[in-house]
Amino acid sequence: MPIDDFRPRLAFRVGVTGHRDLNARACRELRPRVRARLEQIKHLAEQAATESQGVYDDDAPAILRAISPLAEGADRIFAEEALELGYELECPLPFHRQEYRNDFTDEVSKRQFDDLLARAKGTVFELDGSRKDAPAAYALVGELVLDQCDILLAIWDGKNAKGEGGTAEVVAHAKRRRIPVVWLHTDSGALDTIITPNGSEDCGRVTCGGIDERIKDAVWRLLLPPRNPDPVGSLHLTERLLAPVLVRVWRLYETALTAGLRRSRSPADAPPESLAIHGFQKQYASWDRSANLLAGLYRGAFLLNYALGVLAVFLAILGNASDRDWGWAAGESVTILIVIVLVASLRRRRWHLRTADCRYLAEQFRILCYSYPLGLAPCKPHPPAYYLPAEPGNSWVEWHSRAIVRQTPMPTAKVTDDYLKEHAKAIRKWVRGQIHYHDRNAAKLERIDHSIHLWCWRFIVTAFVAALLAWIFHSSAIFRFAEEHHNLHAWLLLFTAGLPAASAAAHAISTQGEFRRLVDRSESMARGLRSSLSRLDPEAASSAAKLRCQTEHLAQVLLNEVADWQVLYRKPAPPPG
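Residues 1 to 577 in our numbering are what the sequence shown spells out, letter by letter.
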């Protein structure tokens, strides 16, 4: 796959939360401050595009998005200034738009609302809030703003929220979710503040370097790629040449060991076409293909390494027992050379690590196919406690995942009963597909593990019988018969020395493949997903809030499983056979 296929478009999203009841004087004083911060963020994003050195799509201009629910006061000041600066406006609404208009009693305010919605160019997500529980509707739209933004602009007096969904509550949620918050105090005499993901605060006026540097750090931390921006899924020429051979080696091996196992006729567990509108399905397909190809390279390489190691032993024995020493020695030399090339490729091209990274990205995008239509942000993986790298998010994989999400527009939808039922149905089908996959995977790997251990015993028992026969020949009159028939001695040597090596190689393949542990993981995951499916509330499709909550839980469970699998897969490449 060409490297250009992995280059995202640079995008950055700014959300807003703030007070509605701002007087005319406060609005006049806040407007230039809001504009200055938006100009600053726009300038930083443009600088990041230059600093990133071509890892973004150079042919497409940067996208700047402003996320605003368009309430009176702070939301509209933010939206108007953002539009003037060239930002694209996206509007999550707590109610359907006609119902939301009832929040505004002034006809001038209603016309302003309609005009801003029209300038949003259709990117409007109308939630299904109810007037019977209006605070919950405002709280949900605040969560949606946080789901869709990279940095939050809070126009706030610093006081506690008057009710559910207030500005203070949204800021508190942003801090818990480690979203940077730029706080513009509604008191014109107060200093601007940035609350960074580590919980610290830094104050300073617009002209002060302190807060500007902290905002720059927050924006660039998200936009700039890691030190090694090479796409893990792009294939080198050598890999393209080796892939057909090594993938075929693994497939033949897998087919031979699972002979007789009932094959599944179910279609691939891919997201349905109805969920392809946001482009995550295409991302899933690309990374899934790369993950499968790299997994075939890695598995085929370590399988071939051990097989060639056994072959080298057999060639050495046959060369020792044959008069044609040079021919056997040449074959052994070529075999060892191939092993060296494969081991070098495994270590230099990091097939096992790249397989894990590509699989993580594929699963992240598959999950987004189901969660993003509900406005949910990507889940963050929770790796096991024993795997705590210093910077888990500072990798090309995490950076690329965030970049693709940032460039993706907010869902455009009107949340109705039919919309929720359609997505609830797709989510249940998704979970059933995952259960089917893990059941099938456990059965296949169980058969492979059983077959390998069976062959281990066959090899070692045959070697024991051959060693016993050799001992009998050497300790009796039959020894003279064996001496006269040199071929019999060579075959016994082949069995007694070669088959233990074959048994050891089979055991090494089983250990390297971690088949037993993967069986246990798939069986455990299938049980957990069945439990989750049985607990899916039939009423979840009755509201966006309930369906979002259950979908987020399922997404977290599935992503955690992939993150844990990564830990298992990220072990050193196998040594030479």
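Beta carbons are placed, not taken as given, at the ideal position from N, Cα and C, and that holds for glycine.
DSSP three-state assignment for residue i, whether helix, strand or coil
i: Lys121; result: coil
i: Ala66; result: strand
i: Ala60; result: coil
i: Cys27; result: helix
i: Val595; result: This structure cannot speak to residue 595, because the chain is shown only from 1 to 577.
i: Lys380; result: coil
i: Asp192; result: strand
i: Glu164; result: coil
i: Ala268; result: Because Ala268 sits at a pLDDT of 49, beneath the cut-off of 50, its placement in the model cannot be relied upon, and the point is left open.
i: Ala74; result: helix
i: Ala541; result: helix
i: Glu254; result: helix
i: Glu552; result: helix
i: Ala413; result: strand
i: Glu514; result: coil
i: Glu126; result: strand
i: Leu311; result: helix
i: Trp471; result: helix
i: Leu346; result: helix
i: Ala259; result: coil
i: Asp21; result: coil
i: Ser290; result: helix
i: Arg440; result: helix
i: His507; result: helix
i: Ser532; result: helix
i: Lys159; result: coil
Residue i: CB within 7 Å of a non-hydrogen atom of the ligand GDP
i: His450; result: You won't find the ligand GDP in this model; it holds no ligand whatsoever.
Contact check, residue i vs residue j, beta carbons under 8 Å
i: Gln566; j: Tyr370; result: no
i: Ile67; j: Arg33; result: no
i: Thr123; j: Glu81; result: no
i: Arg541; j: Ala413; result: Per the sequence shown, residue 541 should be read as Ala rather than Arg. Cβ atoms of Ala541 and Ala413: not closer than 8 Å.
i: Leu494; j: Ile317; result: yes
i: Val232; j: Trp396; result: yes
i: Pro197; j: Val55; result: no
i: Ala497; j: Val313; result: yes
i: Leu536; j: Gln550; result: yes
i: Tyr284; j: Ala362; result: yes
i: Arg119; j: Thr258; result: no
i: Ala301; j: Leu346; result: yes
i: Ala344; j: Ala505; result: no
i: Lys42; j: Leu10; result: no
i: Leu558; j: Ile367; result: yes
i: Ala79; j: Leu93; result: no
i: Ala137; j: Leu127; result: yes
Residue i - containing beta strand (DSSP E), residue span
i: Leu153; result: 151 to 156
i: Ala11; result: 11 to 18
i: Val181; result: 181 to 185
Residue i versus residue j - alpha carbon distance
i: Arg516; j: Ser451; result: 12 Å
i: Ala243; j: Arg440; result: 25 Å
i: Glu51; j: Arg221; result: 12 Å
i: Ser333; j: Pro500; result: 21 Å
i: Gln53; j: Asp75; result: 35 Å
i: Arg299; j: Tyr87; result: 47 Å
i: Ala463; j: Cys456; result: 11 Å
i: Val182; j: Leu153; result: 5 Å
i: Asp133; j: Leu261; result: 55 Å
i: Gly73; j: Arg214; result: 27 Å
i: Ala161; j: Glu169; result: 6 Å
i: Met410; j: Glu46; result: 22 Å
i: His185; j: Pro135; result: 23 Å
i: Pro378; j: Asp115; result: 31 Å
i: Ile151; j: His352; result: 35 Å
i: Trp156; j: Gly513; result: 56 Å
i: Asp202; j: Ile195; result: Unreliable positioning characterises Asp202 in this predicted model, as indicated by a pLDDT of 47, which lies under 50. The coordinate reading is nonetheless provided below. If you take the alpha carbons of Asp202 and Ile195, they lie about 7 Å apart.
i: Ala330; j: Asn292; result: 35 Å
i: Ala563; j: Pro381; result: 6 Å
Range of the contiguous alpha helix (DSSP H) that encloses residue i
i: Asp357; result: 351 to 371
i: Gln407; result: 396 to 407
i: Pro135; result: 134 to 147
i: Gly210; result: 209 to 223
| field | Every unbroken alpha helix (DSSP H) inside the stretch 79 to 122 [4 residues or more] | value | 97 to 100, 107 to 119
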